[in-house]
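The next block holds one structure in the form of structure tokens; read it before the comments.
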Amino acid sequence: MRSDSVVPEWVARSRGSLLRPGPALAAFGAVAVAFFAWAQRYGLQTLPARDMGHLQKILYVHVPSAWIAFLSFFVVLVAAVWYLASRADAADRLAASAAEVGTLLNGLVLVQGMIWAKPTWGVWWTWDPRLTSTLVLFLIFVGYLALRALVDDPERRARWSALVGILGALGVPVVYMSVRWWRTLHQVQSTPSTMDPAYATGLRLNAFAVLFVAAYLVLLRRRVARVEAAVEAIEEERALRGVEA
Amino acid sequence: MDLEVAAGESVALAGANGSGKTTLLRVAATLLRPTRGMGAVCGHDLVADADGARAHVGLLAHRSGLYEDLSPYQNLAFASRMLGLGADRGTIEAVLQRVALAAAAHERVRALSSGMRRRLALGRLLLAPRRLLLLDEPFASFDAGGLDLLESVAGEVTAAGGSVLVATHDLKRARRIVVRTVWLERGRTVQPPADRRSVADAPRLVGR
Amino acid sequence: MDLEVAAGESVALAGANGSGKTTLLRVAATLLRPTRGMGAVCGHDLVADADGARAHVGLLAHRSGLYEDLSPYQNLAFASRMLGLGADRGTIEAVLQRVALAAAAHERVRALSSGMRRRLALGRLLLAPRRLLLLDEPFASFDAGGLDLLESVAGEVTAAGGSVLVATHDLKRARRIVVRTVWLERGRTVQPPADRRSVADAPRLVGR
Amino acid sequence: MSQRSAGELTRVLAVAWKDVLVEARSRANFAAVVAFSALVLVLFGFALGPDEAALTQAAAGVLWITVIFSSVLAFQRAYLLELEDAALDALLLYPGDRRSIFLGKMLGSLAFVFAVEAAVVPMAGVLYGLPVLTTLGRLAPLLALGTVGIVALGTFYAGMASRVRAREVLLPLLLFPMLAPLVIAAVKGTQVALAGDPVAARVNWLGLLAAFDAIFLAAAYLLYGAVVDD
Amino acid sequence: MSQRSAGELTRVLAVAWKDVLVEARSRANFAAVVAFSALVLVLFGFALGPDEAALTQAAAGVLWITVIFSSVLAFQRAYLLELEDAALDALLLYPGDRRSIFLGKMLGSLAFVFAVEAAVVPMAGVLYGLPVLTTLGRLAPLLALGTVGIVALGTFYAGMASRVRAREVLLPLLLFPMLAPLVIAAVKGTQVALAGDPVAARVNWLGLLAAFDAIFLAAAYLLYGAVVDD
Ligand code: HEM
Ligand SMILES: Nc1ncnc2c1ncn2[C@@H]1O[C@H](COP(=O)(O)OP(=O)(O)OP(=O)(O)O)[C@@H](O)[C@H]1O
Ligand SMILES: Nc1ncnc2c1ncn2[C@@H]1O[C@H](COP(=O)(O)OP(=O)(O)OP(=O)(O)O)[C@@H](O)[C@H]1O
Ligand SMILES: [Mg+2]
Ligand SMILES: [Mg+2]
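Protein chains in written order, with my numbering: chain C, 7 to 251; chain S, 4 to 211; chain U, 4 to 211; chain P, 16 to 245; chain F, 16 to 245.
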């Protein structure tokens with residue numbers, strides 16, 4: 007009986023460096039972070055003079071974060087469909103990683119927005135359609151992550167979270183439209199929908215920067231997920247063997 | 004592991020606590036999906052054709068799967084409808100008679116003793132013919148009459164060309180039912196399994 | 004009914020399904036109040052001095068009474084504290100060792116097999132000395148090692164002058180533990196009982 | 016094929032009927048949910064009152080929140096029933112289409128929630144002074160469509176949530192954010208029906224509810240097989 | 016006597032610690048309750064909004080209803096825990112005063128609900144624009160006293176209702192009528208604390224809450240033995 011046979015070969019090979027990213031991933035991460043720093047600097051330097059107030063600077067993290075969060079949720083949808091079609095563990099790990107990164111970015115959008123809203127609008131929060139639907143979207147994926155945390159069986163966890171991911175993604179446009187109708191019937195507070203073309207280049211650059219950083223995080227998270235799955239398998243094996251011990 | 008149960012054969016599963024008997028029965032009943040390996044019941048693959056396999060399998064589990072607030076009669080009537088047999092009064096009363104629950108037919112299941120519940124769960128298996136009977140520690144809770152009943156039910160299934168698989172620690176009693184015994188130990192594979200469900204490694208359960 | 008268990012004696016309760024064995028054990032454990040009649044454990048009346056009786060009784064019931072999300076170790080530590088014994092690491096580990104659960108000490112109980120749970124429930128009874136051990140169908144789910152364990156636990160209680168009461172259908176196994184058998188049938192009253200709980204008619208359980 | 020679907024229909028009805036039967040055997044439960052709803056209505060009365068105008072304005076919202084909380088209780092019960100003695104395992108062992116179980120449980124919960132509403136709406140009418148009787152024709156379809164949406168999604172999510180550790184919490188967590196559009200449409204529609212708000216009336220809330228129901232009913236039905244497939 | 020009560024104290028703490036431990040082993044559960052509370056707050060936003068004035072007026076009520084719903088979840092969990100594998104039977108078999116079990120379970124729930132409130136109050140402050148930070152000194156005692164009353168009653172009734180079939184539904188049924196006076200006092204007190212309503216301020220809401228707490232706590236403690244004794 008080979009007692010180490012429960013350890014997948016790629017885990018055994020990595021000799022304790024599991025959680026450290028491999029050289030390719032590390033290089034990508036470094037480039038992503040450097041590009042992000044440069045894009046931020048570029049954005050801030052090219053701000054139109056009249057807007058040099060500190061407040062506007064948040065724009066270059068706020069809007070890209072929102073875009074990439076939405077993109078992450080779209081990845082969750084795709085990975086969920088992929089999982090149901092193929093039952094590939096890789097699909098589930100991608101979905102989980104994208105959901106976590108997306109929820110993180112979504113949370114950042116909310117926090118940044120609130121920090122911005124207090125000085126500009128005088129309140130932390132207002133029931134504006136975009137704000138409200140961002141919050142609901144955030145909560146949908148908090149539910150998704152809670153489900154993942156609460157289901158122990160890996161196969162069932164993958165299957166159920168794929169279902170919740172699909173329904174959640176289906177809900178996004180419905181939520182967005184209904185919140186609009188709910189709100190726009192009455193007076194609308196200044197919404198962040200008027201954008202000066204002067205911001206466009208900086209925004210686009212920063213959108214890519216956040217995209218790269220997010221992609222790095224997803225890849226890193228996926229690696230951790232693989233290790234977690236291996237640990238889960240080993241622990242279960244140990245439980246099975248523990249009986250006669 | 005490798006297990007083949009022939010038509011008309013009855014087999015006991017033995018093994019220490021936690022050796023995977025219950026898990027194997029649940030895989031054979033399509034309640035768990037085998038992580039690796041494959042199995043089939045009466046030619047129906049357990050994964051690809053789970054629905055086909057289900058039609059032939061009857062499981063008597065640790066927990067009976069009854070509705071506590073309904074009566075034994077109502078529980079059987081529901082089971083009968085779900086099997087697509089309608090709820091014929093005569094049939095149900097005959098089953099209740101056979102498992103000696105006629106007197107308690109309209110009590111709440113909640114008020115029944117543990118053995119009476121097991122009888123009712125057994126009665127549910129009598130509603131339709133089964134090709135493969137899976138019994139998980141069936142000797143617990145039954146009194147002498149219950150054991151006779153169990154024996155005759157298992158006998159009928161094998162006589163009709165079906166098979167019986169009994170997970171138990173009580174091999175002496177099991178011998179009244181089974182013809183051979185299979186031992187499980189961590190799934191009884193030659194190579195140690197990489198997964199707790201590997202007990203399901205290729206359980207070829209062929210009911211016929 | 005009338006039942007007296009002497010010090011150092013162990014008695015089996017037999018009877019058909021639904022004859023009232025479980026009910027009697029629950030009355031003796033003070034979990035049910037007798038509708039009529041009375042009983043006492045070690046001189047503590049089951050109704051008037053239920054608290055005094057409880058201190059001497061240990062019950063192994065159909066369901067184990069464990070916390071599914073805690074580990075075996077945490078379950079025993081809690082039980083030990085509730086018994087007023089603190090949670091001494093050495094004692095608890097010794098108990099886990101004895102019931103052969105040391106390897107699973109920090110798993111969730113939810114993941115244990117049925118026999119492993121029964122072992123843990125038995126382990127809880129080992130934390131404090133008991134004068135009266137009530138075992139409800141203890142042979143179910145235990146493998147051979149579990150049965151030996153059960154036998155030695157019961158032997159220790161009787162050797163220390165306590166008593167053991169075993170409700171079971173498996174008299175052959177019970178004979179490894181008990182010295183005599185009492186049969187129940189609808190409460191074993193001379194007049195047929197007018198009440199289903201009348202099995203509790205005057206169960207005089209004297210542990211000493 | 017048609018015989019097969021006739022068989023499935025029998026199974027759908029058997030599951031629904033069984034749930035109704037369980038409720039009927041413990042009638043206390045239905046009474047309790049109604050009483051619970053009444054108490055929520057009263058509590059809101061105190062929390063928002065004594066300002067009459069504020070109360071009337073909030074009435075539609077309070078009514079729907081009451082319906083949602085009662086429904087959550089109904090779904091949880093519907094599945095606890097199946098878990099108490101591992102009945103769900105037995106249910107999954109019957110041969111045939113497992114989506115019939117979904118439809119059956121949904122139908123059972125629907126009957127239950129409709130019955131609760133039949134008691135709650137008049138109570139809300141009395142407590143908040145709403146013209147529920149005269150507007151019944153417009154109110155009824157709103158209630159029907161709104162309830163179908165809640166029950167379809169709720170039955171779907173309860174099938175998962177009821178089988179995890181923190182089941183009481185997970186169900187609302189998954190369900191509530193998805194219900195946001197439904198709540199908006201239902202509340203607005205109810206306000207229009209009750210008071211005739213001219214601005215809000217420009218949107219076809221009933222149509223919105225119907226669309227919502229269609230999308231989520233279809234999705235839940237199609238995906239349910241994967242919920243119980245293990 | 017004093018040694019005996021020291022023993023009971025150990026048992027109280029053991030029960031409370033066990034409940035905290037179970038929560039800690041599934042930390043996700045606490046997060047889920049917090050998210051649930053956020054959802055209730057948002058759902059009310061949809062039901063009562065988008066008119067900001069109406070929302071502000073209703074805020075104190077919404078806050079307390081959120082606290083109550085979260086507490087109900089906590090009680091349900093606390094007792095489902097004991098029922099899952101008949102652990103309550105085992106608990107009742109330990110010698111000693113059974114009211115210690117009540118105190119222990121109450122303490123455990125109290126810890127949980129306080130933790131939830133620490134997250135809910137800031138969220139309500141942000142979403143409904145309440146000055147929770149500046150009025151914290153007046154809010155905290157209100158929250159503490161109100162919560163103790165809710166938890167005392169809830170633990171008592173959960174202990175009772177958990178032994179009955181329709182437990183999830185019976186709990187609120189029994190809980191809510193008793194809670195009504197307590198919640199009214201809490202809501203009114205909170206409104207005063209937040210806005211300084213001069214009329215309502217003439218009543219000593221805090222004193223009223225303290226009186227309710229004393230009554231409920233004493234009654235629940237004394238009666239608990241009878242509830243679990245069968
Ligand atoms: C909690 C508060 C806030 C949240 C949740 C929030 C959320 C969002 C989201 C989700 C987007 C991306 C929408 C899209 O591209 O479709 C966005 C874009 C934007 N936000 Fe915010 N926001 C908040 C506060 C603010 C504030 C206070 C301002 C400035 C006064 C602001 C200015 C902008 C601008 C300029 C855009 C880009 C507009 C566009 O793409 O059309 N946001 N916000
Ligand atoms: N849901 C689960 N999650 C993780 N592990 C599990 C689960 N169910 C069972 N196991 C593990 O699988 C192993 C086999 O359990 P199983 O219930 O099949 O044993 P068994 O042979 O029926 O034992 P017993 O005789 O005690 O009933 C055990 O070690 C158990 O810990
Ligand atoms: N909670 C209850 N309410 C009403 N009747 C009950 C209740 N519990 C048990 N009974 C009835 O009391 C009788 C005795 O049941 P008990 O569980 O004591 O039997 P038992 O001898 O343990 O049987 P078994 O061998 O099947 O476990 C049964 O007829 C049962 O219907
Ligand atoms: Mg087993
Ligand atoms: Mg019994």
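The beta-carbon is built from N, C-alpha and C at its ideal position, and this holds for glycine as well.
- Measuring C-alpha to C-alpha distances from residue 21 (chain F) to each of F:151, F:210, F:112, F:200 identifies F:112 as the nearest.
- Distances between the C-beta of residue 139 (chain U) and the heavy atoms of ligand 5 include at least one below 7 Å.
- With a threshold of 7 Å, the Cβ atom of residue 171 (chain U) does not count as near ligand 5, since no heavy atom of the ligand is closer than that.
- For residue 35 (chain S), no beta strand (DSSP E) encloses it, and the DSSP letter there is neither H nor E.
- Among the CB atoms of chain S, one or more fall inside 8 Å of the CB of residue 172 (chain U).
- Within the same chain, Cβ atoms closer than 7 Å to the Cβ of residue 90 (chain F) are found at 124, 169, 170, 173, 186, the five residues on either side in sequence being excluded.
- Among the residues of chain C, none has a CB under 8 Å from the CB of residue 122 (chain P); the nearest is roughly 21 Å distant.
- The beta carbon of residue 80 (chain P) does not come within 8 Å of any beta carbon belonging to chain C, so the residue lies off that interface.
- The beta carbon of residue 81 (chain P) sits closer than 7 Å to the beta carbons of 52, 55, 56, 135 from its chain, once the five residues preceding and following it are set aside; these are given in chain order.
- Taking 9 Å as the cut-off between beta carbons, the residues of the segment 92-104 of chain P near chain S are 96, 97, 99, 100, 101, 102, 103, 104, in sequence order.
- The shortest CA-to-CA distance from residue 161 (chain P) to any of P:138, P:199, P:176 is the one to P:199.
- Classified as buried, residue 20 (chain S) has 16 or more neighbouring CB atoms from the shown chains inside 10 Å of its CB.
- Under the three-state reduction of DSSP, residue 65 (chain U) is assigned to coil, being neither helix nor strand.
- Runs of the alpha helix (DSSP H) lying entirely within the segment 41-124 of chain C, each at least 4 residues long, are 65-92 in chain order.
- Annotation for residue 116 (chain S) indicates a beta carbon within 7 Å of some heavy atom of ligand 5.
- The three-state secondary structure of residue 228 (chain F), taken from DSSP, is helix.
- With respect to chain U, the C-beta atom of residue 165 (chain S) has no partner C-beta closer than 8 Å.
- Sequence-distant Cβ neighbours of residue 146 (chain U) in its own chain, meaning closer than 8 Å and more than five residues away, are 118.
- For residue 72 (chain U), the three-state secondary structure derived from DSSP is coil.
- For residue 192 (chain F), the C-beta contacts it makes with chain P under 8 Å involve 54, in order along the chain.
- The shortest C-alpha to C-alpha distance from residue 196 (chain P) to any of P:177, P:118, P:231 is the one to P:231.
- Sorting U:179, U:48, U:171, U:170 by C-alpha distance to the C-alpha of residue 151 (chain U) places U:179 at the top.
- Interface annotation, residue 141 (chain C): in contact with chain F, CB-CB separation under 8 Å.
- Chain-order list of chain P residues neighbouring residue 76 (chain S): empty, with the shortest C-beta distance near 11 Å, by a criterion of under 7 Å.
- Sequence-distant Cβ neighbours of residue 36 (chain U) in its own chain, meaning closer than 7 Å and more than five residues away, are 50.
- When the beta-carbon positions are compared, residue 129 (chain S) and residue 167 (chain S) stay at least 8 Å from each other.
- For residue 119 (chain P), no chain F residue has a Cβ inside 9 Å of its Cβ, as the nearest lies near 21 Å away.
- If you draw a straight line from the Cα of residue 104 (chain C) to the Cα of residue 78 (chain C), it is about 5 Å long.
- In terms of CA proximity to residue 107 (chain C), C:216 leads the group C:173, C:161, C:216.
- Rounded to the nearest angstrom, the gap between the Cα atoms of residue 114 (chain P) and residue 27 (chain P) is 9 Å.
- Taken in chain order, the whole alpha helix (DSSP H) runs of length 4 or more contained in the segment 45-122 of chain P are 67-98, 102-108.
- For residue 68 (chain S), same chain residues with a beta-carbon under 6 Å away, outside a window of 5 residues either side, do not exist.
- Contact annotation: the segment 88-97 of chain U does not touch the segment 134-143 of chain U, with fewer than three C-beta pairs closer than 8 Å.
- Checking the DSSP bridge columns, you'll see residue 37 (chain F) has no partner listed.
- Taking non-hydrogen atoms of ligand 5 into account, the C-beta of residue 25 (chain U) is found less than 7 Å away from one of them.
- The segment 70-88 of chain F and the segment 128-146 of chain F touch, with no fewer than 3 CB-CB distances between them shorter than 8 Å.
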